[in-house]
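Take a look at the structure below.
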Amino acid sequence: MLARILALLLSCLPVCAFSQNGAYSRQNDLNLTRDSQKVSVWSGVSPDSPDGGFLGKTKDKMFVILGVRYGKVVAAGRRMALEYTFDAFPVAEVIDRNSKDSVYGFGLSPVGLKWYVLQVSRFKLFTNGSGGFLTFVEDVPDPDARKFNFTFEFGGGIEVFTNSRVGIALGYRYHHLSNANTEKVNPGLDANIFYIGISRFF
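As C-alpha cells, then:
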C-alpha cells in the first residue's frame, strides 16, 4: 500500500514541475507571506525501530504513515517564515519485521509548527515539530499496552517550489508514540521516518 502511495506522489512531480500556474517570474513570488495557506499530502516510512531508542524501547517494528496537512503562515520575513500545522493521519501502520503482522491506526496532530529557517528563491530549509495521538485497532506497540497512544515528532528537510503555488518536500522526522503510562505496560515506539510530500498553496 505504501509503495502505491509513494508512486502516486512521485507521478505528480512532472505535472507540478510544468504547471502553468505561474513559473519563476519573480523571487518575491516564491517567498512565503503572512496568512499564506496550504494543503499537503505526504507519506513516509521508518524501515525499523531503533533498538533502545531515545524514549521508545520497542525494537523490530516498521512504521508507515500517510498524512494530510493544513498549514497557515503566522509570521514571515524576507528569509524566514513560521507556519502553524494541523495533520490528519488516515493511515498509520505498525508492522512487525519478524512475523510481518501489521496493526492499522489513524489519528491527528492538531498542534504543530514549521519554521522555514532559510528561504532562497524556490529552495526553503525547514525544521518542524508537532504533537497529537494515534489510535489502533489493537494494542500497540505491545499486546499488553493500549490502542490509544500519544505522539510527538520533530525533524527537518527541504522544500522546493516548482512555481508560486506548488512545493515538494523531502524530509526526516523522529516520531515517538506511547500511552504516557496510562497503562501498566508502556514500552513506547520510536521511528526514524523519511518522507516525501506535495503542497498546494493558496
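Reminder that position 26 of the sequence shown reads as 45 in my numbering, one-by-one numbering, no gaps. Ideal Cβ placement from N, Cα and C applies to all residues, glycine included.
6 Å Cβ shell around residue i - same chain, five flanking residues per side excluded
i: P33; result: Here the model assigns P33 a pLDDT of 41, short of 50, so the residue's position is not dependable, and the following value carries that caveat. Contacts found: none.
i: G90; result: K57, E102 and T104
i: G204; result: It should be noted that the sequence gives Val, not Gly, for residue 204. Around V204: D161, D163 and A164.
i: G41; result: Below a pLDDT of 50, predicted positions are generally treated as unreliable, and G41, at 35, falls in that range; the measurement from the model is reported next regardless. Same-chain partners within the cutoff: N182 and S183.
i: R88; result: S59, T104 and D106
Option nearest residue i by Cα separation, candidates the options
i: G238; options: P69, V159 and V204; result: Any property of residue 238 remains undetermined from this structure, which presents the chain solely from 20 to 221.
i: T201; options: K78, P129 and F167; result: F167
i: D115; options: V83, R88 and I187; result: V83
i: A111; options: F180, V136, V64 and F221; result: V64
i: W194; options: V156, P206 and I212; result: Here residue 194 turns out to be His, not Trp, going by the sequence shown. Taking only the C-alpha atoms, the option nearest H194 is I212.
i: V122; options: F155, L74, Y191 and T181; result: F155
i: A107; options: S68, G86, N117 and G96; result: G86
i: G150; options: K143, F142 and V130; result: V130
i: F142; options: R98, S68 and N117; result: R98
Same chain, Cβ closer than 7 Å to residue i, five either side skipped, listed in chain order
i: G216; result: S59, V60, W61 and A188
i: R165; result: D158, N198, T201 and E202
i: D70; result: K78
i: R219; result: K57, V58, R184 and V185
i: F145; result: K133, W134, Y135, V136, G175, G176 and E178
i: F152; result: G126, L127, F167, N168, F169 and T170
i: S44; result: Legend: pLDDT at S44 = 31, less than 50; position of this residue unreliable, no value from coordinates given.
i: P66; result: M81
Sub-8 Å separation of residue i and residue j beta-carbons
i: K80; j: L208; result: yes
i: G190; j: E172; result: no
i: Q138; j: L74; result: no
i: S55; j: V92; result: yes
Sequence-distant residues of the same chain with beta carbon closer than 8 Å to residue i, five excluded per side
i: A94; result: R53, A100 and L101
Chain C within 8 Å of residue i, Cβ atoms only
i: D115; result: As a matter of chain content, chain C is missing from the structure shown, which is built from one protein chain.
Identity of the residues DSSP links to residue i by a beta bridge
i: E202; result: Looking at the DSSP assignment, E202 forms no beta bridge with any residue, so it has no partner.
i: A100; result: A95 and Y135
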